[in-house]
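Using the working numbering, you'd call the opening residue of the sequence shown number 11 and step up by one each time.
From the three backbone atoms N, C-alpha and C, an ideal C-beta is built for every residue, glycine too.
Fair warning: this is a prediction, and the values are worked out from it, not measured in the lab.
A short worksheet on the structure shown next.
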Amino acid sequence: VDGFRRLSANQRKALEGQGAQDRKRRRNKKKGKDAKKDKGPEQVQAEVDKQLARILQDAGVDVSEGPIWRSVRVKAASMETRRNASLRDAVEARMRSVHEATKG
Numbered sequence: 011v012d013g014f015r016r017l018s019a020n021q022r023k024a025l026e027g028q029g030a031q032d033r034k035r036r037r038n039k040k041k042g043k044d045a046k047k048d049k050g051p052e053q054v055q056a057e058v059d060k061q062l063a064r065i066l067q068d069a070g071v072d073v074s075e076g077p078i079w080r081s082v083r084v085k086a087a088s089m090e091t092r093r094n095a096s097l098r099d100a101v102e103a104r105m106r107s108v109h110e111a112t113k114g
């Protein structure tokens with residue numbers, strides 16, 4: 011029994027030392043994660059834009075003249091929505107033709 015207690019005490023000491031090291035590792039990892047979390051939305055968006063530009067350049071798409079993408083709002087459309095969109099398009103087309111005819 012005495013040998014078992016000594017072995018247990020030695021194991022406990024080893025585990026306590028290891029536990030302290032694990033706590034230090036966890037603390038250091040948290041510090042690293044906190045540094046990554048400090049990025050603001052502007053920095054994240056800039057990084058995403060850079061990655062997307064690099065991917066597009068690798069694919070052979072020229073992105074030197076600025077962004078080539080647009081954001082689009084998408085949702086389910088009913089027949090009324092389609093009718094309103096077609097009326098809006100007709101109004102915009104008429105506005106353009108009137109603008110061109112009157113030269114400004």
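Can you round the beta-carbon distance between residue 63 and residue 73 to whole angstroms, since I take them to be within the 8 Å contact cut?
-> With a Cβ gap of about 5 Å, residue 63 and residue 73 count as contacting.
For residue 84 and residue 39, the rounded distance between their alpha carbons | About 40 Å.
Give the DSSP-derived three-state secondary structure of residue 58 in the structure shown.
-> helix
Look at the alpha carbon of residue 92 and the alpha carbon of residue 100, and state the distance between them as a whole number of angstroms.
-> 12 Å
Counting along the chain, where does the alpha helix (DSSP H) carrying residue 84 start and finish?
-> Note, residue 84: premise wrong, no alpha helix (DSSP H); not H, not E.
Taking the alpha-carbon positions, what's the residue 51 to residue 110 distance?
-> Residue 51 and residue 110: Cα-Cα distance of roughly 42 Å.
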